[in-house]
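This is the structure we're talking about:
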């Protein structure tokens, strides 16, 4: 009995330093009187006190017994080692299983169905991941987007909440009409696809919207501007839209960036008539400069021209200021 | 195909003469520090057109990536290495390593993609069999029914999922998609999403 106790106390002596701080904090918290602490000088008492503090055993804090797991060893010798559990002949021995969908010679299901070509031309179609007006309003309300500056792809991606992948043929965002009735922000936004009610929701609040096309290279750049600038290559020109997108991006009804501004002004008025709201006057607006700010059709970033290279403010690695000055 | 487009592209980008842009003399420090490996798209250098032509090239003092080694070579060695082009590497003579071939990766069974369509909630739809056959003896109702599209069952759907790559599992964001309303199934607890 004594031996057992001493063994237990040595065991506890091993365990206790690991969790000593935990136990001591618990003891201080639970039993503040010194007498109780004195009573726990015995190792067994301390171990029992520790066990009392631990959570109950449940499925949450159990892990499987290590011996319960079968080892993945291939059987050898007399322990089923001749063919390692596989039969002498046939598909299981030679691993020659019929192909997926094979039906023993009958015309398989996946070939029996007539052709339909649902995915025809999928590699050419452009995708526009959705961004709803409700989500946009939330981004503004949570101060992830500053409405006093023009909003474009870089602004939306910089929230680190919404992004897109040009590698998957995503060509920017489609602003959808969810949350249209509660949208209240007054913004100047540039998106890649939009529908009529969304335009009305934005222009009703005195904002402006433009739809603009970005080619794949400029999409990669504007998706992560910092990464692009670190590459140290000149800012590219934004390419014009492809043939099948020209119609959309020159259409004043969709506020295309290649449309005639005068026709867009007419369409703004027409849309206000159609949806029955009073069109806020842009010319007398104090934020007129913000709301009418547009990129050049070949410009990728606001305020930066194609052909520019951005230099980091710190000297480049391996370049002394003297050397930089000589260049 | 005798060559892959990816291999050619890689070869092109590995040679700075083709890949390098003409950059502005206004920012020579950056240009000199980083030998700018440009983008090559369809083997065409975009920077030499339009606005970039207004920016002059920096000239021969720009250390281009990989070229400093060539400059150290004697003319005789250069001639041996590049007999046709007087010290300039032949682009067509070198092909980059094709790192990602089709071997070793699963491929899509194209017959599946031609016949079935995957909805975002995981089901596959298909046309009915025999929709064009023996129409003379089918009545109006049966003809109409034959034109409809139906769901595959669970077993078939799981099999088709395995027969295509994850490209086809990925959600597609097309505008004006005719299947838009079918891509979600909110009235079923497993496929319901907020």
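Chains as they are written, first to last, in full-length UniProt numbering: chain A, 1 to 327; chain B, 1 to 194.
In this text, a Cβ means the ideal position worked out from N, Cα and C, and glycines have one as well.
| Asked | Found |
| --- | --- |
| Straight-line CA distance for residue 253 of chain A to residue 222 of chain A? | 26 angstroms |
| Exposed or buried, what is residue 145 of chain B when buried is set at 16 or more other beta-carbons lying within 10 Å of its beta-carbon? | exposed |
| Please report the straight-line C-alpha distance between residue 330 of chain A and residue 148 of chain A, rounded to a whole angstrom. | Past the boundaries of the shown model lies residue 330 of chain A; chain A is included only from 1 to 327, so the question cannot be answered. |
| Within 10 angstroms of the Cβ of residue 328 of chain A, are there 16 or more other Cβ atoms? Answer buried if so, exposed if not. | Nothing about residue 328 of chain A can be read from this structure; chain A reaches only from 1 to 327. |
| For the beta strand (DSSP E) containing residue 132 of chain A, list its first residue and its last residue. | 130-132 |
| Using only the alpha-carbon positions, how far apart do residue 294 of chain A and residue 255 of chain A sit? | 12 angstroms |
| Examine chain A for any beta-carbon lying closer than 8 angstroms to the beta-carbon of residue 117 of chain B, and answer yes or no. | yes |
| Between the stretch 222-234 of chain A and the stretch 197-211 of chain A, are three or more C-beta pairs nearer than 8 angstroms? | no |
| When you compare the CB of residue 112 of chain B with every CB in chain A, is at least one pair closer than 8 angstroms? | yes |
| Under a CB-based cut-off of 8 angstroms, is residue 75 of chain B close to chain A? | no |
| What is the C-beta distance between residue 335 of chain A and residue 166 of chain A, in whole angstroms, given that I count them as a contact (C-beta under 8 angstroms)? | Since the first residue of chain A shown is 1 and the last is 327, residue 335 of chain A is not available in this structure. |
| Do you know how far the Cα of residue 132 of chain B is from the Cα of residue 280 of chain A? | 58 angstroms |
| Is the distance from the Cβ of residue 199 of chain A to the Cβ of residue 304 of chain A below 8 angstroms? | no |
| Go through its chain and collect everything with a Cβ distance to residue 106 of chain B's Cβ below 8 angstroms, but skip five positions before and after it. | 165 |
| What is the rounded straight-line gap between the Cα of residue 134 of chain B and the Cα of residue 142 of chain B? | 11 angstroms |
| Nearest to residue 190 of chain A by alpha carbon, out of A/214, A/272, A/170 and A/71? | A/214 |
| Within the present structure, is the beta-carbon of residue 258 of chain A separated from the nearest heavy atom of the ligand GDP by less than 7 angstroms? | In the structure shown, the ligand GDP is absent, as is every other ligand, since no ligand is present at all. |
| Is the CB of residue 182 of chain B under 8 angstroms away from at least one CB in chain A? | no |
| In this structure, how does DSSP classify residue 116 of chain A when only helix, strand and coil are distinguished? | coil |
| Please report how far the alpha carbon of residue 209 of chain A lies from the alpha carbon of residue 136 of chain A, in whole angstroms. | 13 angstroms |
| Quick one, are the C-beta atoms of residue 121 of chain B and residue 152 of chain B less than 8 angstroms apart? | no |
| Going by DSSP, which residues form a beta bridge with residue 103 of chain A? | A/106 |
| Using CA atoms only, rank isn't needed, just tell me which of A/123, A/211 and A/187 is closest to residue 259 of chain A. | A/211 |
| Give every residue of the same chain whose Cβ lies closer than 6 angstroms to the Cβ of residue 84 of chain A, excluding the five residues on either side of it in the sequence, and list them in chain order. | 74 and 75 |
| Grab the span of the alpha helix (DSSP H) containing residue 270 of chain A for me, first residue to last. | 261-275 |
| By how many angstroms is the C-alpha of residue 188 of chain A removed from the C-alpha of residue 297 of chain A? | 16 angstroms |
| Who are the neighbours of residue 126 of chain B on chain A, taking C-beta pairs under 8 angstroms? | 113 and 116 |
| Kindly indicate which three-state DSSP category residue 174 of chain B falls into: helix, strand or coil? | strand |
| Could you please tell me which residues of the stretch 77-101 of chain A, in chain order, have their CB closer than 7 angstroms to any CB of chain B? | 100 and 101 |
| Can you list, in chain order, the residues of its chain with a C-beta nearer than 8 angstroms to that of residue 186 of chain B? Leave out the 5 residues immediately preceding and following it. | 192 and 193 |
| Comparing the C-beta of residue 301 of chain A with each C-beta of chain B, is any distance below 8 angstroms? | no |
| Which same chain residues end up closer than 8 angstroms to residue 184 of chain B when comparing Cβ atoms and leaving out the 5 residues on each side of it in sequence? | 120, 121, 191 and 193 |
| Between the stretch 119-135 of chain A and chain D, which residues of the former have a C-beta closer than 7 angstroms to a C-beta of the latter? | Here the protein chains are A and B, and chain D is not one of them. |
| Please state if the CB of residue 173 of chain B and the CB of residue 127 of chain A are separated by a distance shorter than 8 angstroms. | yes |
| Taking any Cβ of chain B, which residues in the stretch 215-239 of chain A have a Cβ under 9 angstroms from it, in chain order? | 216, 217, 231, 232, 233, 234, 236, 237 and 239 |
| Helix, strand or coil for residue 304 of chain A, going by three-state DSSP, please let me know. | coil |
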